[in-house]
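Novice:
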Amino acid sequence: MLLSYEQGLQDKIKLVPIDLQNRPDWYKEKVYPPNKDPAKKEFAEELFSYSDSFNMALFSSAKGEVGEEINAVFDHLEAALSKFDDGPFFLGQLSQVDIAYAPFIERFQPFLFDVKNYDITAGRPKLAAWIEV
1 MLLSYEQGLQ DKIKLVPIDL QNRPDWYKEK VYPPNKDPAK KEFAEELFSY SDSFNMALFS
61 SAKGEVGEEI NAVFDHLEAA LSKFDDGPFF LGQLSQVDIA YAPFIERFQP FLFDVKNYDI
121 TAGRPKLAAW IEV
């Protein structure tokens with residue numbers, strides 16, 4: 001979902017051996033760049049906090065009927081994906097927020113569609129686009 005194969009990509013990748021016990025000074029900034037936009041940082045924290053409610057709703061829907069609770073969480077994600085317009089992801093560009101939500105959406109989308117006859121993308125174009133990326 002989040003990764004795509006590009007012809008010749010392996011020629012562009014430079015492998016750099018790193019001693020994880022003694023990381024170079026540049027490692028943290030390069031691998032985990034700080035979010036320089038305070039609004040995006042705050043929004044990311046909100047989405048991380050919301051993930052518990054999201055996951056509880058998903059697992060509840062697996063056990064019982066699909067109801068308003070599941071509609072509300074996917075509507076919340078649709079609104080979140082609409083907040084920034086500099087890319088198709090939660091913070092515009094791919095971030096740890098997308099990585100946190102992706103495994104759950106990737107697994108529950110087909111389950112909800114095939115077993116519960118519920119399409120999480122119906123009426124949610126931003127969520128549909130996010131899934132397609």
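Using full-length UniProt numbering, read the sequence shown as starting at 1 and increasing by one per residue.
Note that beta-carbon positions come from the ideal geometry of N, C-alpha and C, so glycine has one too.
Cβ atoms of residue 89 and residue 43: under 9 Å apart, would you say?
Specialist: Against a cut-off of 9 Å, the Cβ pair of residue 89 and residue 43 comes out as no contact.
Novice: With a CB to CB cut of under 6 Å and the five nearest residues on each side skipped, what residues in its chain are close to residue 129?
Specialist: So the list reads 88, once near-sequence residues are dropped.
Novice: Within a Cβ cutoff of 6 Å, which residues of the same chain sit near residue 78, ignoring the five residues on either side of it in sequence?
Specialist: Around residue 78: 124, 126 and 127.
Novice: Measuring alpha carbon to alpha carbon, tell me which of 100, 67, 29 and 64 ends up nearest residue 49.
Specialist: Minimum Cα distance to residue 49 is reached at 100.
Novice: Less than 9 Å separating the beta-carbons of residue 111 and residue 119?
Specialist: Contact: no.
Novice: If we count the other Cβ atoms within 10 Å of its Cβ and call it buried at 16 or more, is residue 59 buried or exposed?
Specialist: With fewer than 16 other Cβ atoms within 10 Å, it is exposed.
Novice: Quick check on the burial criterion: 16 or more other C-beta atoms within 10 angstroms. Buried or exposed for residue 98?
Specialist: Buried is the call here.
Novice: In whole angstroms, what separates the C-alpha of residue 61 from that of residue 131?
Specialist: Distance between the alpha carbons of residue 61 and residue 131: 20 Å.
Novice: What does the Cβ neighbour count give for residue 91, buried or exposed, with the cut at 16 atoms within 10 Å?
Specialist: Buried is the call here.
Novice: Apart from the five residues on each side of it in sequence, which residues of its chain come closer than 7 Å, Cβ to Cβ, to residue 109?
Specialist: So the list reads 120 and 131, once near-sequence residues are dropped.
Novice: For the alpha helix (DSSP H) containing residue 112, name the first residue and the last one.
Specialist: It spans 96-114 - the alpha helix (DSSP H) in which residue 112 sits, taken as one unbroken run.
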